[in-house]
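Student: Attaching a single structure in structure tokens format; questions to follow.
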Amino acid sequence: MNEFKKVINGIDTNEMEYEFDCIIADKVYDSCQQRHCFPKIEADLGGKTFQAIRFKPGFIVPNTLIVTDIENQPNFKRVRFTLRIPYEIIFTDGTSVEKFLPDILKDTKLFIPDARDEFTFDIVVETSSKVLGTPIVASGKVSFAVGVFIITKVVGKVQLLIPVIDFCPEPRECEEFGDICEDFEYEPFPDFFPPQLEE
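Under full-length UniProt numbering, the first residue of the sequence shown carries the number 1, and numbering increases by one thereafter.
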């Protein structure tokens, strides 16, 4: 077993004593990254005033995931699915409308080792989307370009043996917002009567 070496907050953890525990965790067996660019997305504003665009996490469209064997490449699979990314158009009145970017068809090769029938792998996607340039508003519509970073992962739930220093420390105390009435309790009492004329 490789020696576990780590420096945390300037402390050499090699000087600490470890126990080893088994945990159940999602292990990433393989992952790959891709980019996709939409040079022009156009959306109707419905008569409202455009303020901003906010993206939500992309997801695999249900019933589109297909995993098949690759001839002469054991432990690798062809993975195909349709990726859909929601986004919101936010208006100046505080309301918003949800729309979707055009579907992205993915077809890639990933390491998915053979396993017993009861063991399952999950295909997980993560997205990071951003508006490229400045959105253009004209004729009641907004036009913008979008760049999408995509990470596709093969994930399996396994037992892992890990070095353990201790349980996590207790969290800090929560800082609550002050009660406005509580602040009022400490205000000095005002003068109730106007001042008299002093001779």
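Note that beta-carbon positions come from the ideal geometry of N, C-alpha and C, so glycine has one too.
Taking C-alpha atoms, which residue in 164, 145, 174 and 194 lies nearest to residue 23?
Tutor: Ranking the options by Cα distance to residue 23, first place goes to 164.
Student: With 16 other CB atoms within 10 Å as the buried threshold, where does residue 132 fall?
Tutor: With fewer than 16 Cβ atoms within 10 Å of its Cβ, residue 132 is classed as exposed.
Student: Between which two residues does the alpha helix (DSSP H) holding residue 183 run?
Tutor: Note, residue 183: alpha helix (DSSP H), 180-184.
Student: Going by CA-CA distance only, name the one from 171, 147 and 52 that's closest to residue 96.
Tutor: Residue 96 has its Cα closest to that of 52, out of 171, 147 and 52.
Student: What does the alpha-carbon distance come out to for the pair residue 149 and residue 45?
Tutor: C-alpha separation (whole angstroms): 26 Å.
Student: In the structure shown, what three-state DSSP assignment does residue 174 receive?
Tutor: Coil at residue 174, not helix or strand.
Student: Exposed or buried, what is residue 120 when buried is set at 16 or more other beta-carbons lying within 10 Å of its beta-carbon?
Tutor: Residue 120 comes out exposed.
Student: Where residue 125 and residue 187 are concerned, what is the direct C-alpha to C-alpha distance, given to the nearest angstrom?
Tutor: Rounded to whole angstroms, residue 125 to residue 187 spans 55 Å at the Cα level.
Student: Using the three-state DSSP reduction, which class does residue 41 fall into: helix, strand or coil?
Tutor: In this structure, residue 41 counts as strand in the three-state DSSP scheme.
Student: With a cut-off of 8 Å on the beta carbons, I'd call residue 113 and residue 75 a contact; round off their distance for me.
Tutor: Yes, residue 113 and residue 75 are in contact; Cβ-Cβ is about 5 Å, under 8 Å.
Student: Using a Cβ-Cβ cut-off of 8 Å (strictly less than) and excluding sequence neighbours within five positions of residue 129, which residues of its own chain qualify?
Tutor: Around residue 129: 55, 58, 85, 87, 101, 146, 147, 148 and 149.
Student: DSSP on residue 128, reduced to helix/strand/coil?
Tutor: Strand.
Student: Assuming residue 154 and residue 30 make a contact with CB atoms under 8 Å, what is their CB distance in whole Å?
Tutor: Indeed, because the Cβ distance is near 4 Å, the residues count as touching under 8 Å.
Student: How many Å lie between residue 115 and residue 170 at the Cα?
Tutor: Spanning the two alpha carbons is a distance of roughly 39 Å.
Student: Specify, as a first and last residue, the run of the beta strand (DSSP E) that residue 162 falls within.
Tutor: First-last of the beta strand (DSSP E) with residue 162: 141-164.
Student: With a Cβ-Cβ cutoff of 7 Å, do residue 60 and residue 81 count as a contact?
Tutor: The answer is yes: Cβ separation under 7 Å.
Student: Go through the region 60-115 residue by residue and report every complete run of the beta strand (DSSP E) that reaches 3 residues or more, in order.
Tutor: Correct list: 66-69, 76-84, 86-91, 96-100 and 104-111.
Student: Going by other Cβ atoms of all chains shown within 10 Å of its Cβ, with 16 needed for buried, is residue 89 buried or exposed?
Tutor: That one is buried.
Student: Which of the three DSSP states, helix, strand or coil, is assigned to residue 34?
Tutor: In this structure, residue 34 counts as strand in the three-state DSSP scheme.
Student: Would you decide whether residue 161 is buried or exposed? Buried here means 16 or more other CB atoms lie within 10 Å of its CB.
Tutor: Burial call: exposed.
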